[in-house]
Amino acid sequence: MSASRKSPPFHRLAWQVLRLSRPHFLVGGLLLHTLGWAMAWYARGNVRLPSLLWGQAAISSIQFMTHFSNDYFDYAADRANRTPTRWSGGSRVLVAGELPPQVALYAALICAGTALVATFVLALRLRTGALTLPLLLLALALAWSYSAPPARLHSRGLGEVTVALLVPGLTPLVGFYLQTGQLTWLPLLTAIPLCGLQFAMILTINFPDASGDAAVGKRTLVLRLGEARAARLLAGTLALVYMSLPLLTAVGMPRLTAVLLALLMPASAVQAWRFWRGAWRHPSAWNSLGFWAILILVGSITLACLAYLLPTIGVISPL
Numbered sequence: 017m018s019a020s021r022k023s024p025p026f027h028r029l030a031w032q033v034l035r036l037s038r039p040h041f042l043v044g045g046l047l048l049h050t051l052g053w054a055m056a057w058y059a060r061g062n063v064r065l066p067s068l069l070w071g072q073a074a075i076s077s078i079q080f081m082t083h084f085s086n087d088y089f090d091y092a093a094d095r096a097n098r099t100p101t102r103w104s105g106g107s108r109v110l111v112a113g114e115l116p117p118q119v120a121l122y123a124a125l126i127c128a129g130t131a132l133v134a135t136f137v138l139a140l141r142l143r144t145g146a147l148t149l150p151l152l153l154l155a156l157a158l159a160w161s162y163s164a165p166p167a168r169l170h171s172r173g174l175g176e177v178t179v180a181l182l183v184p185g186l187t188p189l190v191g192f193y194l195q196t197g198q199l200t201w202l203p204l205l206t207a208i209p210l211c212g213l214q215f216a217m218i219l220t221i222n223f224p225d226a227s228g229d230a231a232v233g234k235r236t237l238v239l240r241l242g243e244a245r246a247a248r249l250l251a252g253t254l255a256l257v258y259m260s261l262p263l264l265t266a267v268g269m270p271r272l273t274a275v276l277l278a279l280l281m282p283a284s285a286v287q288a289w290r291f292w293r294g295a296w297r298h299p300s301a302w303n304s305l306g307f308w309a310i311l312i313l314v315g316s317i318t319l320a321c322l323a324y325l326l327p328t329i330g331v332i333s334p335l
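Okay, so the sequence shown: first residue is 17 according to my numbering, each after it adds one.
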């Protein structure tokens with residue numbers, strides 16, 4: 017048998033690995049790191065390009081690692097999932113037999129190694145600060161532990177909180193710290209509403225996966241609470257996000273940030289109302305619910321970036 021029959025052509029293999037990596041989800045990491053350095057620019061008046069580029073390399077590598085490791089360690093759950101959507105159920109590359117599962121594991125380990133190299137460059141070569149190493153190692157550990165044993169945080173009802181703290185919480189904090197070498201209240205206050213929106217988004221995409229997750233013992237928060245209670249929690253979380261904006265402004269978040277974030281309150285209100293009224297019960301609504309959850313989150317991150325970039329470059333004045 018010829019070598020060409022034993023393995024797919026390189027271009028097909030590359031395409032399958034690319035699909036496995038789900039690169040479209042990298043937009044979130046890119047925007048959140050942008051938010052971090054945009055806040056630093058707003059606060060300090062300058063951006064260090066080497067720290068920005070190496071920081072993005074570390075963040076994107078961790079994100080790629082997470083996508084690969086999730087597909088590998090969630091293989092059984094994805095096989096049991098008969099109701100995948102555009103936003104949930106994994107990449108479906110391994111489930112379809114297009115690649116052996118070990119490819120995902122090896123790719124995850126390569127990305128983890130790349131993230132470590134970038135981390136050590138930032139900490140030791142660029143000397144971005146004493147907290148660079150612990151912050152990025154914490155991000156790497158949490159991302160790996162989300163689906164990987166022994167922690168498997170997503171099966172202990174901790175996955176949603178972990179993602180909320182890791183993605184919109186830690187990512188902009190890292191971006192800010194790499195530029196300033198300091199932690200201040202600005203990135204922490206700005207991250208709070210985004211963490212709430214991320215939590216709601218992860219809950220949203222876990223509804224279609226519930227039956228497959230239950231079949232293999234993946235006890236997400238949706239399964240632990242029950243779908244009806246999880247839907248009420250989701251609606252309440254969205255309400256709290258916007259109720260928190262006046263308080264966050266009072267303790268130091270720029271008013272422009274709160275005003276821009278509030279622009280998506282009508283869309284979030286509709287999303288909360290749909291969950292409260294039981295739209296999650298209807299498979300025909302799952303793609304729409306997932307789309308709006310992601311749009312609200314990504315739109316809010318983009319608006320937060322603009323809240324810091326526009327005054328910094330002189331387009332508008334701070335409120």
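All residues carry an ideal CB built from backbone N, CA and C; glycine is no exception.
task: Going by DSSP, name the residue or residues bridged to R235.
output: R172
message: Mapping the DSSP letters down to three states, classify R290 as helix, strand or coil.
response: helix
message: Check whether the stretch 231 to 241 and the stretch 66 to 82 are in contact - that is, three or more C-beta pairs closer than 8 Å.
response: no
message: Between the alpha carbons of T101 and F192, how many angstroms are there, rounded?
response: 34 Å
message: Can you give me the C-alpha to C-alpha distance between H49 and H27, rounded to a whole angstrom?
response: 31 Å
Residues near S20 in its chain [Cβ-Cβ closer than 8 Å; skip 5 each side]: At S20, the pLDDT of 45 sits below 50, so the modelled position is not reliable; the number obtained from the coordinates is stated separately. Taken in chain order, the list of residues that qualify is empty.
message: Quick test of your reading: T273 and T206, contact by CB under 8 Å. State the CB separation rounded to the nearest angstrom.
response: 6 Å
- request: Could you check the C-alpha separation between G71 and L194 for me, to the nearest Å?
  value: In this model, G71 and L194 are separated by some 7 Å (Cα to Cα).
- prompt: Short check: CB of V109 to CB of L36, under 8 Å?
  reply: yes
query: Measuring CB to CB, does P224 end up less than 8 Å from S104?
result: yes
field: Cα-Cα separation between A216 and D90, rounded to whole angstroms
entry: 21 Å
message: Quick check: the Cα distance between M17 and P165, rounded to an integer number of angstroms?
response: For M17, the pLDDT reaches just 41, beneath the cut-off of 50, and the residue's location in the model is therefore unreliable, although a value from the coordinates is still provided. The C-alpha of P165 is placed about 38 Å away from the C-alpha of M17.
- request: Please go through the same chain and pick out, in chain order, the residues whose beta-carbon is closer than 6 Å to the beta-carbon of L149, but skip the five residues on each side of it.
  value: Excluding residues within five positions, the ones whose Cβ falls inside 6 Å are A139.
field: Contact check, G228 vs R98, beta carbons under 8 Å
entry: Yes, the Cβ-Cβ distance between G228 and R98 is below 8 Å.
- prompt: If we ignore side chains and look at the alpha-carbon of each, how far apart do A183 and T200 end up?
  reply: According to the sequence as given, residue 183 is Val; it is not Ala. In a straight line, the C-alpha of V183 is about 18 Å away from that of T200.
- prompt: Is L305 near R293, with beta carbons less than 8 Å apart?
  reply: No, they are not a contact pair.
task: Throw me the rounded Cβ distance for the F84 and A123 pair, which I believe falls under 8 Å.
output: 4 Å
query: Expressed to the nearest angstrom, what Euclidean distance is found between the alpha-carbon atoms of Y88 and V286?
result: Rounded to the nearest angstrom, the two C-alpha atoms are 35 Å apart.
field: Element boundaries [alpha helix (DSSP H), containing I310]
entry: W302 to T328
field: Contact belief for A278 with I218 at Cβ below 8 Å, rounded distance in angstroms
entry: About 22 Å separates the CB atoms of A278 and I218; that is not less than 8 Å, and the two are not in contact.
query: Which one of P117, A283, L319 and G330 has the shortest CA to CA distance from F307?
result: A283
query: Ends of the alpha helix (DSSP H) at Q79?
result: L65 to F89
- prompt: For I332, which of helix, strand or coil comes out of DSSP?
  reply: coil
message: Could you give the first and the last residue of the continuous alpha helix (DSSP H) run that contains Y11?
response: This structure gives no information on residue 11, because the portion of the chain shown stretches from 17 to 335.
query: Can you tell which of W302, C321, P203 and L169 has the C-alpha that lies nearest to the C-alpha of A247?
result: With distances taken between Cα atoms, A247 lies closest to W302.
message: Going by DSSP in three states, S20 sits in which element: helix, strand or coil?
response: Low per-residue confidence applies at S20: pLDDT is 45, beneath 50, and the placement is therefore not dependable enough to give any value.
- prompt: If you draw a straight line from the C-alpha of L189 to the C-alpha of M55, how long is it?
  reply: 9 Å
- request: Could you check how far apart the C-beta atoms of G175 and Y162 are, in whole angstroms? I think they sit under 8 Å.
  value: 6 Å
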